[in-house]
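Okay, so here's the structure we're looking at.
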Amino acid sequence: MKRDEPLEALQKFYAACDEAHSPPESLWKRKPSWKLRLRLALALAPLAAGFLTTATAAAFAERWGAQIPPAHPEEALRKRLQLAGLSDEEVLGPRGASRAQKETPLWRV
Amino acid sequence: LKKTPSRAVFSHKCPPFPCEHSGALDEKAFEILADHWRPKGFRLALKITGCPEAARDAVQEALMRAFRGRRRLRSAEGADAWFRKILVRCALNGKPTLHSAFEERAIGMDADLLLERLHVRRTLARLKPEYRALLALAVGEELSYAAIAQTLEIPIGTVGSRLSAAREAFRKEWNRT
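Chains as they are written, first to last, in the numbering used here: chain R, 181 to 289; chain D, 2 to 178.
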């Protein structure tokens, strides 16, 4: 019977594959592939972006915070009044005053 | 009385999977499957790709895909075949190279054997991916035609003819290279 050299070589190769070992630990401890790194980078990108935004906003507020009107001027004013020991009326004007009247530069006190 | 799990499956190929009622693999069952398939899958992927690096990537990718899709598994009996199918797809998508060292113990090995092994890898690299998978499953893993048909999602009747074609293609490439 004629020898089938290619297929014999293939079988030997498969036998060698069966002996080859890849320890389970090494599979997970090895250097991550570029695909895995890309996935990790994409997964962490929003987190990093959020962190940077928060850090930038905090730095900005620290430097120029005093010049930025707060989102709720009246609420901020009330807090400052409490700290300064003043009443609402002393700064906001008498009760019933219009909103325009209330929004005085005094909120910077 | 010792309470037995309601849905424990005992297969001769894989260790038993403690499964959820739906049949999907829970994390513990997946861990058993992964432990079982990590070395075995590496060897199968190596037979398909002929490249250890590509084989490791294929196993890693297959485990990730399987973990994500573990809830879709209908019954634990089919977990083995299900994972094999994922792994073969991942191995066929991989990009094998001939540069990576196949054998760590190459130093001191017979030069003829090394050359033959390289020749096999070169020949495999030139084959159609489907033929590589067929040869690995039929010749390397000695799976039944039914299992091969299920893994490659082809009719069982065509497995034999395609396998002959794969063998013939391998011989042709072997003599050409």
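Just so it is clear, CB atoms sit at the ideal spot from N, CA and C, and this is done for glycine as well.
Residues of chain R with CB under 8 Å from residue i, in chain order?
i, result
"HIS120 of chain D", "ALA189"
"VAL1 of chain D", "As displayed, chain D neither begins before 2 nor continues past 178, which places residue 1 of chain D out of reach and without an answer."
"ASP58 of chain D", "SER213, LYS215"
"PHE171 of chain D", "PRO186, LEU187, LEU190"
"LEU136 of chain D", "LEU190"
Would you mind telling me which residues of chain D sit closer than 7 Å to residue i, beta carbon to beta carbon, in chain order?
i, result
"PHE193 of chain R", "ARG118, VAL121"
"ALA223 of chain R", "Within 7 Å Cβ-Cβ: nothing; ALA223 of chain R doesn't reach chain D, min ~13 Å."
By how many angstroms is the C-alpha of residue j removed from the C-alpha of residue i?
i, j, result
"ILE49 of chain D", "LYS41 of chain D", "13 Å"
"ALA189 of chain R", "LEU128 of chain D", "15 Å"
"ALA221 of chain R", "GLY161 of chain D", "45 Å"
"PHE57 of chain D", "ALA239 of chain R", "Going by the sequence as given, residue 57 of chain D is Arg instead of Phe. Cα to Cα, the separation comes out at about 46 Å."
"PHE43 of chain D", "PRO226 of chain R", "34 Å"
"ARG172 of chain D", "ARG75 of chain D", "40 Å"
"LEU135 of chain D", "GLU117 of chain D", "21 Å"
"ALA166 of chain D", "TYR132 of chain D", "8 Å"
"LEU164 of chain D", "PHE231 of chain R", "56 Å"
"LEU93 of chain D", "SER213 of chain R", "17 Å"
"ASP111 of chain D", "PRO53 of chain D", "20 Å"
"LEU266 of chain R", "ALA235 of chain R", "34 Å"
"ILE33 of chain D", "ASP184 of chain R", "40 Å"
"GLY79 of chain D", "ALA223 of chain R", "32 Å"
"PHE68 of chain D", "GLU174 of chain D", "38 Å"
"GLU254 of chain R", "LEU261 of chain R", "10 Å"
"ALA196 of chain R", "ALA229 of chain R", "49 Å"
"LYS215 of chain R", "ALA55 of chain D", "12 Å"
"ALA237 of chain R", "ARG258 of chain R", "24 Å"
"ARG122 of chain D", "THR233 of chain R", "51 Å"
"GLU242 of chain R", "GLU269 of chain R", "30 Å"
"LEU119 of chain D", "PHE31 of chain D", "36 Å"
"LYS192 of chain R", "GLY95 of chain D", "23 Å"
Let's see if you can read the secondary structure: which residues bound the alpha helix (DSSP H) around residue i?
i, result
"ARG75 of chain D", "Run containing ARG75 of chain D: none; DSSP gives neither H nor E here."
"VAL60 of chain D", "53 to 69"
"LYS1 of chain D", "For residue 1 of chain D there is no data in the structure shown, the boundaries of chain D being 2 and 178."
"PRO186 of chain R", "185 to 199"
"HIS252 of chain R", "HIS252 of chain R -> no alpha helix (DSSP H), and no H or E assigned at all."
"GLY230 of chain R", "214 to 244"
"VAL121 of chain D", "112 to 127"
"LYS96 of chain D", "Premise fails: LYS96 of chain D is in no alpha helix (DSSP H) and is neither H nor E."
"ALA30 of chain D", "28 to 50"
"LEU266 of chain R", "Premise fails: LEU266 of chain R is in no alpha helix (DSSP H) and is neither H nor E."
"LEU153 of chain D", "146 to 153"
"GLU142 of chain D", "Premise fails: GLU142 of chain D is in no alpha helix (DSSP H) and is neither H nor E."
Since residue i and residue j should fall inside the 8 Å C-beta cutoff, what is the C-beta to C-beta distance between them, to a whole number of angstroms?
i, j, result
"LEU47 of chain D", "ALA200 of chain R", "6 Å"
"GLY141 of chain D", "TYR194 of chain R", "4 Å"
"CYS91 of chain D", "ARG66 of chain D", "7 Å"
"ARG168 of chain D", "LEU187 of chain R", "7 Å"
Give every residue of the same chain whose Cβ lies closer than 8 Å to the Cβ of residue i, excluding the five residues on either side of it in the sequence, and list them in chain order.
i, result
"MET151 of chain D", "It should be pointed out that residue 151 of chain D corresponds to Gln in this sequence rather than to Met. Closer than 8 Å at the Cβ level, and outside the excluded window around GLN151 of chain D, lie ALA82, LYS86."
"GLU154 of chain D", "LYS86"
"LEU88 of chain D", "TRP38, GLY42, LEU45, ALA46, ALA59, VAL60, ALA63"
Residue i: beta carbon under 6 Å from a heavy atom of the ligand ATP?
i, result
"GLU169 of chain D", "Ligands are entirely absent from the displayed structure, and the ligand ATP is therefore not among its contents."
Spatial neighbours of residue i within its chain, please: C-beta separation below 7 Å, excluding the five flanking residues on both sides.
i, result
"SER23 of chain D", "Because SER23 of chain D sits at a pLDDT of 49, beneath the cut-off of 50, its placement in the model cannot be relied upon, and the following sentence gives the value as read from the coordinates. None."
"ALA35 of chain D", "LEU64"
"LEU138 of chain D", "LEU144, ILE149, THR152"
"ARG177 of chain D", "none"
Determine the chain R residues that contact residue i at a beta-carbon separation under 9 Å, and present them in chain order.
i, result
"ARG177 of chain D", "Within 9 Å Cβ-Cβ: nothing; ARG177 of chain D doesn't reach chain R, min ~11 Å."
"LEU115 of chain D", "Chain R residues near LEU115 of chain D: none, gap ~10 Å exceeds 9 Å."
Considering only residues of the same chain and omitting the five flanking positions on each side of residue i, which have a CB-CB separation below 6 Å?
i, result
"TYR146 of chain D", "ILE157, VAL160"
"HIS252 of chain R", "none"
Under 9 Å Cβ-Cβ, which residues of chain D neighbour residue i?
i, result
"ALA237 of chain R", "In chain order: nothing, as chain D lies at least about 35 Å away."
Against residue i, what residues of chain R qualify as contacts under a CB-to-CB distance less than 7 Å, listed in chain order?
i, result
"ARG133 of chain D", "The premise fails here: ARG133 of chain D is roughly 11 Å from chain R at the closest Cβ pair, so nothing lies under 7 Å."
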